[in-house]
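Just so it is clear: in the sequence shown, position 209 is 199 by the numbering used here, and no numbers are missing.
As C-alpha cells, the structure follows; a few thoughts come after it.
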Amino acid sequence: KNVLDEYFLRKERDLRQVVVLPKAQWERIQGSIGEAPHIDEKKEQEEVDLDSKAAGKEDPRNANLIKEKLQAKKLREEKEEEERKLLDLEEAKFQAAKRKEVIDHAKTYLRYQDDRMRQFHSALLLTKVLNERDAQVEFLKSRLVDSKKKDYEEEQRRFKEYILSEQEKAHQHYMNKQALCKDQLQQGENSRTGIAELGSFRLTQVCCPGMLWKLTFFCRQVQEQRDKIISQLAEQMSEALRKEDGRLARDAARIEAEEEKKRKEKEAKQKAAIESIAEHRATVVRNLALLFLFLHQAEKQARKEQEKQAELDYNAQREAIALYKEQEFQKYAKELIETESKKTHHLYPLLKACENGRGLGHRPGQQKERKLEQLGCAVLVVFCNYV
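If you want it as C-alpha cells, here you go:
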C-alpha cells in the first residue's frame, strides 16, 4: 500500500476525472434534462403513432410528412445532446477549479502549521526588522550630516562677520590716529611760522648784535624741541598701530582656535552618537539572535521530553511524503528569498532557516499530527463533494 493513498484518492476515484455535483443541483439537472425530454418525447411518439395510423388510411403524401417529422426530431435530439454535453463540460471545469482552490488552500494551511515553516517565517520577520533598522540608521546619519553642515556654515558666517567688524574698527582707529597726527603737525607748523615772523619783527626793532644772537639761539632751541616732540609723537603712533595690529592678529587666532576646538568637540560628540547607535543596533541584533536561539532550544527541549517514549523507527514509504514536503518548502523558500533579495541585503536569517532542515521522514511522536492532517484532508474532500 502506497502511503500517498492516505493523502490522494486512487486513479479510479480521482476527483479531477469525476464530476461531483451537489444534491440540489443534481436534482435540478435531472428534472430539467431528464423529465422534460421524456415528456416531449412521449408526446411526439403519440403524434407519430397517430400519424402512422392515419397514414394507412390516407394517401402516400402523409408518409413523406411523417418521415420529415422524424428527421426533424432526430436533428433536435442531436442538438439537445450537444447542448447537454457543453453544459456538463462547463460544470466539470467549474467544479475542478473550485476543488483545486480548496485543495490548494488546505495544502497552504497544512504547510504553515509545520514547525520548520514557522521558524522560516520567524527568520523572515527578523530580516524585515534588520532592514527597517538599517533604514532608520541611514536616515539618522543623513540628518546628522545635514545638521553638521548647517552648523558649520553658520559658524563660518559669524566668524567672517566678526573679522570684518574688527578690521573696520582697526581701520577707523588708524584713520583717527592719522588725523590726530596731521592736526598736531599742522599746529607745529603754525607755531614755527609765528615764531619766525616774531623773530623777523624783533630783528627789525632791535639793532643790537648781542640781542640778535640770543634770539637766534633761542629760536634754534625751540625748533629742536619741537622736532623732538614731533618725532616722539610719530614713534608713539607707530607703536600704538603696531600694538593694535598685534592685538587684532591675536584675537583672530584665538577666535579661530576656539572655533576649531568647538568643531572638533562637535565631531567627537557626533562620532560618539553614531558609535552608540551602532552599538545599540548590534545589541538589539544580538538579543534577537539569542532570543531566537533560546526559543529554538526551548522547543527542542520540550520536543525531546515529549518524544522520549515515541518510536524511533521510521517507515521507509513515508520518505516520499517528506521528500515532497521538502521540495515544496525549498521551492517556497527560494521564491521568497528571491523576492526579499530585491528589498534588503539581510538574507542570512532566511538562508540559515532554509538550510537548517531535519532531513527526510517524520520525527518521533509525529504520528498523531499526521493522522490529524489526514483527517483534515478527508474533511476537505467531503466539503468539496458538497460545495
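Idealized CB from N, CA, C, for every residue including glycine.
Fair warning: this is a prediction, and the values are worked out from it, not measured in the lab.
Just to check my reading of the structure: residue i and residue j have Cβ atoms closer than 8 Å, yes? What is that Cβ distance to the nearest angstrom?
i	j	result
A113	A312	Contact doesn't hold; Cβ gap of about 21 Å is too wide.
M227	K159	M227 to K159, Cβ: 17 Å. No contact.
T117	L278	No, T117 and L278 are not in contact; Cβ-Cβ is about 11 Å, not under 8 Å.
V127	R271	6 Å
K138	Q287	Going by Cβ atoms, the distance from K138 to Q287 rounds to 45 Å, so no, they are not a contact pair.
Can you have a look at residue i and say buried or exposed, based on whether 16 or more other CB atoms are within 10 angstroms of its CB?
i	result
H336	buried
K298	exposed
A323	buried
Q291	exposed
R89	buried
F284	exposed
F84	exposed
F110	buried
L170	exposed
R348	Bear in mind that the predicted position of R348 carries a pLDDT of just 44, short of 50, making it too unreliable to give a figure here.
DSSP three-state label for residue i, please.
i	result
K140	helix
L302	coil
P339	helix
K332	coil
E297	coil
Q356	With a pLDDT of 49 at Q356, under the threshold of 50, the modelled position of this residue cannot be trusted; read the value that follows with caution. Three-state DSSP puts Q356 in coil, outside helix and strand.
Give the straight-line distance between the Cα atoms of residue i and residue j, rounded to the nearest whole angstrom.
i	j	result
L134	A258	13 Å
K432	A268	Here the chain comprises residues numbered -9 to 377, so residue 432 is not present and cannot be evaluated.
F207	K172	28 Å
L76	A86	15 Å
R237	K252	22 Å
A96	R108	17 Å
K254	K131	18 Å
Y164	L231	7 Å
E48	K63	Caution is warranted here: a pLDDT of 49 is assigned to E48, below 50, making its placement in the model unreliable, and no coordinate value can be reported.
K32	E67	13 Å
V119	Y314	31 Å
Q61	D78	26 Å
E234	H161	10 Å
K69	W16	22 Å
R240	C209	46 Å
Q357	A262	Here the model assigns Q357 a pLDDT of 47, short of 50, so the residue's position is not dependable and the matter cannot be decided.
A224	Y152	30 Å
E145	E248	11 Å
L40	E71	26 Å
A243	K140	23 Å
Discussion item. Counting beta carbon pairs with one atom in the region 118 to 133 and one in the region 211 to 220, are three or more of them shorter than 8 Å?
Written reply: no
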